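In this note's numbering, the protein residues as written are 10 to 199.
Dropping the structure here:
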């Protein structure tokens with residue numbers, strides 16, 4: 010399956026398994042963030058693989074919300090049947106912090122420590138007067154990150170691992186994520 014066909018198949022799977030529009034937007038944000046990270050980490054040749062991992066990483070979220078221990082495993086089964094690469098499947102399977110996997114590849118590390126950042130940035134955008142990403146600044150993100158009561162569901166410890174895993178400090182990873190989301194703000198409705 011070529012890359013264009015893979016993305017089309019990914020979008021069809023998302024339509025089949027995901028009903029929540031905000032979750033679909035999260036997947037689009039993660040796709041673009043992973044594309045940016047591939048470029049920043051000199052993985053351009055694998056950029057589409059990285060983007061697909063971001064796009065599909067929560068494919069089973071709605072199916073597993075009552076059984077979070079199964080999250081990522083059902084997605085892995087679906088993606089294997091659909092012919093996606095082992096590289097994408099492994100990264101998706103290992104992105105769940107509750108499973109305590111060892112992250113061996115850059116792709117696995119990037120998806121693990123960065124995808125939650127898109128949810129955090131969305132939360133910050135939604136408390137801005139315009140509710141738009143173009144109003145969000147790095148300073149605002151850093152300030153809100155220090156407030157444990159803000160966006161409580163975001164696992165800050167995982168995000169902070171981006172320095173050890175990828176070599177980006179918090180400000181750098183936030184800058185990459187914010188830029189990637191601002192680039193597709195119309196698609197995200199932000």
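Don't be surprised by glycine CBs; every beta carbon is placed ideally from N, CA and C. The model shown is predicted, which means the values in this text are computed figures rather than measured ones.
In the DSSP assignment, residue 79 falls outside any alpha helix (DSSP H) and carries neither an H nor an E. Ranked by how close their Cα comes to the Cα of residue 40, the residues 119, 80, 175 have 119 in first place. Nearest C-alpha to residue 32 among 191, 72, 86: 72.
For residue 14, the uninterrupted alpha helix (DSSP H) segment begins and ends at 12-26. For the options 171, 132, 182, the alpha carbon positioned closest to that of residue 198 is the one of 132. Taking C-beta separations shorter than 6 Å and ignoring five residues to either side along the sequence, the partners of residue 44 in its chain run 56, 60, following chain order.
Distance between residue 128 and residue 175, taken at the CA atoms: about 20 Å.
Here residue 81 is near residue 69, since their CB atoms are less than 8 Å apart. Distance from the CA of residue 140 to the CA of residue 134, rounded to the nearest whole angstrom, comes to 5 Å.
Rounded to whole angstroms, the separation of the alpha carbons of residue 148 and residue 18 is 38 Å. Residue 83 sits away from residue 89, with the two beta carbons spaced by 8 Å or more. Between residue 178 and residue 172 the beta-carbon gap is near 5 Å, inside 8 Å, which marks them as a contact.
For residue 196, the uninterrupted alpha helix (DSSP H) run begins and ends at 194-197, by DSSP. Per the C-alpha coordinates, the member of 16, 13, 36 positioned closest to residue 124 is 36.
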